[in-house]
Each structure stands twice: as C-alpha cells, then as structure tokens.
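Asks: Sharing a structure, written as structure tokens. Questions coming.
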Amino acid sequence: MKDNPSRPLYLVPYYIWIALFVIAPIALIFYFSFLDLTGAFTLENYQNFFSSVYLRMTLSSFWYAFLITVITILIAYPTAYWLTKTKHKQLWLLLIIIPSWINLLLKAYAFIGIFGLYGPANKLLQTLGAGPWQILFTDFSFIFVSVYIFIPFMVLPIFNSLDKINPALIDASRDLGASSFTTFRRVIFPMAINGVKSGVQAVFIPALSLFVITRLIAGNKVITLGTAIEQQFLVTQNWGMGSTIAVFLILFMIIIMMLTGQKEKGGAYNGKTK
1 MKDNPSRPLY LVPYYIWIAL FVIAPIALIF YFSFLDLTGA FTLENYQNFF SSVYLRMTLS
61 SFWYAFLITV ITILIAYPTA YWLTKTKHKQ LWLLLIIIPS WINLLLKAYA FIGIFGLYGP
121 ANKLLQTLGA GPWQILFTDF SFIFVSVYIF IPFMVLPIFN SLDKINPALI DASRDLGASS
181 FTTFRRVIFP MAINGVKSGV QAVFIPALSL FVITRLIAGN KVITLGTAIE QQFLVTQNWG
241 MGSTIAVFLI LFMIIIMMLT GQKEKGGAYN GKTK
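29 is the number that UniProt numbering gives to position 29 of the sequence shown; each next residue is one higher, with no gaps.
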C-alpha cells in the first residue's frame, strides 16, 4: 500500500500549532531568562537560582509534590481496584471524574468556607468537643485540598490499567498457591505500573507548579515553584528571574516524564477469545 502523497499537508496545521503555542513560548521564556530588570543580558538570574533561598524553595516544592503524589496513590489505587470489581464501574468512575470538571477557583473558595473558623469542619470539631482549630492556611489544608483535586487524575489511569488485566492470570496465580498479597505484588501491581506512572505524571508535575491553592488555601505559607514564578512576574516585575525559574521547572518536568516513561507489557485482556 502506497503512502498518500498529500499526507504531509494534513500535518501542516499541527506543525503550525506546535511552533506557535509550544516552541515559541518556551523560546521566549528561555530568552527572557538571560535578561535583567533593565533588559540587559546577564547570567545573574541563573546564579541567583542556585542560591540558598531558591534551592530551599525548590526542595520544598518537590517535598510537597511528593507528599501529594504519595497520598493520592494510596487513596486512588484501592479506589481504582474497587471500581474494577463493581457492577456499574463506569457510573462510579464518572462520579469520581465529575468534580474535575468544576473550576479550580470555585473549589478553592468552597474549601475556604469549609475549613474556615465558622465552617462545617470546625462546627464538627466543636460538636466532638475538640474546639475550633485554625485549619485554613496550614500545610494540612494545602495538602488535603491538593489531594482532593488530583485524585481523579490518578484514579483514571490506574483504573484503565487494572481493568485491562487478564483475569485468567490472577486465577492462575491463585491456583498455583500464591496468597492475595503475593498475587498483588507479583501480578497485579507490575501489570498496572503504567497506570501508576501516568498518574504520577498527571499529579506530580502540576503539583510542582501550584499557585492558586497556595494563595487561597495555604495563605502563602507554602511556597512552590509556581508561586515563585507568579510573584516574579506579577509582583516584583522581574521577568528575567521568573523566566529562569520557569526554565528549571520545564527541565524538572522533562526529567520526571523521562523517569516515568511507559513500556507496554503483555497480559492485557481485550475480552475476546480466538
């Protein structure tokens, strides 16, 4: 079968889109990272990034992103596994995904009301005799809201991987005398690892650049790379330093995507027999 000679023409809009909205913005960020406040060429921005202040901020961003990702996995994995065993799994999956359709800002303001001093959370604590607590503007509230927001993005890829596992492989493992834990460790988890990797990409990378939640929920007590970029561009008007942080954020994203690269494995179940 011969290739369609006009096929490259179909790719022109794609290449134009990539050039205008992917390559060009990255190139501009890289260009501005070499400029100071006066617009002169400088390497001071990169030198400042490796100072103790920005290194602590970077480590803090990675720590919070790590915590959010781990907690999200611990909640999403059993949830996704339970969904594969339910009768109306697509309906339950839809109910989990629906909250992700709501605007992030609306969800943040909703949690401000829930975690406020006079919100439902503190009223419940008062009913239990624990008294009102300062839940809002804490690390707990930041991590809790972040996990809530990212759970659908972790559940979906893990569910898709678990749902494709051939049930015959699990039955064979049990027939050979493997315990439930051994079956999970040696059969289920390795075959669903691609779903976990996709979930890590969908959670860890955005968690590095959070800034809306840090502003509204954490009250600027949590500083991430995204918060620092926003501050440099909108507050201090130092586009050079903001672009420098963005350059390193892009590099971190590329490294994470390389580390969580997927490799297809056998054992998928397509529901058909030959």
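Even glycine gets a Cβ: it sits at the ideal position worked out from N, Cα and C.
In three-state terms, what does DSSP make of I73?
Replies: Three-state result, I73: helix.
Asks: Helix, strand or coil for L35? Go by DSSP, reduced to three states.
Replies: It is a strand residue.
Asks: Can you say whether M258 is buried or exposed, counting buried as having 16 or more other CB atoms within 10 angstroms of its CB?
Replies: Answer is exposed; the Cβ neighbour count stays below 16.
Asks: Using three-state DSSP, classify I135 as helix, strand or coil.
Replies: Coil at I135, not helix or strand.
Asks: Quick one, are the C-beta atoms of V212 and L104 less than 7 Å apart?
Replies: Result yes, Cβ atoms of V212 and L104 sit closer than 7 Å.
Asks: Quick one: give me the first and last residue of the alpha helix (DSSP H) that W101 is part of.
Replies: Neither: W101 is in no alpha helix (DSSP H) and is coded neither H nor E.
Asks: Decide if the region 27 to 44 is in contact with the region 235 to 243; the criterion is three or more beta carbon pairs, one per stretch, under 8 Å apart.
Replies: Taking 8 Å as the limit for Cβ pairs, the verdict is that the region 235 to 243 does touch the region 27 to 44.
Asks: Please give the ranges of any alpha helix (DSSP H) in the region 180 to 249, keeping only runs that are unbroken, at least 4 residues long and fully inside the region.
Replies: 180 to 183, 193 to 208, 212 to 216 and 225 to 230, all fully within the region 180 to 249.
Asks: The alpha helix (DSSP H) with A168 in it runs from where to where?
Replies: From DSSP, the alpha helix (DSSP H) with A168 extends over P167 to D175.
Asks: Considering A19, what are the terminal residues of the alpha helix (DSSP H) in which it resides?
Replies: Where A19 is concerned, there is no enclosing alpha helix (DSSP H), given that its DSSP letter is neither H nor E.
Asks: Cβ of S173 within 7 Å of Cβ of G195?
Replies: In this structure, G195 does not lie closer than 7 Å to S173 by Cβ.
Asks: Could you please give the first and the last residue of the uninterrupted alpha helix (DSSP H) stretch that includes Y46?
Replies: Element bounds for Y46: E44 to F49.
Asks: Could you tell me if Q47 is buried or exposed, where buried requires 16 or more neighbouring beta carbons within 10 angstroms of its beta carbon?
Replies: By the 10 Å Cβ count, Q47 comes out exposed.
Asks: For T69 and A207, which I take to be in contact (beta-carbon distance under 8 Å), what is that distance rounded to the nearest angstrom?
Replies: About 7 Å separates the two Cβ atoms, so the contact holds.
Asks: Determine the direct distance from the alpha carbon of A65 to that of V203, and round the result to whole angstroms.
Replies: Rounded to the nearest angstrom, the two C-alpha atoms are 8 Å apart.
Asks: Distance check for A178 and N166, CA to CA, integer angstroms please.
Replies: Taking the straight line joining both Cα atoms gives about 17 Å.
Asks: Need the endpoints of the alpha helix (DSSP H) that T86 sits in, please.
Replies: Here T86 belongs to no alpha helix (DSSP H), and DSSP marks it neither H nor E.
Asks: When we look at the beta-carbon of I135 and count the other beta-carbons within 10 Å, is it buried (16 or more) or exposed?
Replies: Flag for I135 reads buried.
Asks: Please check the pair S100 and F153, which I expect to be a contact at CB under 8 Å, by giving their CB distance rounded to whole angstroms.
Replies: Confirmed, about 7 Å.
Asks: Taking the alpha carbon of T72 as the point to measure from, which residue in V155, L55, T183 and V12 has its own alpha carbon closest?
Replies: It is V155 whose Cα lies nearest to the Cα of T72.
Asks: Looking at S33: is its Cβ nearer than 7 Å to the Cβ of T224?
Replies: Going by C-beta atoms, S33 is not nearer than 7 Å to T224.
Asks: Could you tell me whether the Cβ atoms of L95 and K89 are closer together than 7 Å?
Replies: No.
Asks: Starting from K123, trace the alpha helix (DSSP H) in both directions and tell me its first and last residue.
Replies: Start and end: P120 to T127.
Asks: In whole angstroms, what is the alpha-carbon distance linking I254 and N220?
Replies: About 27 Å.
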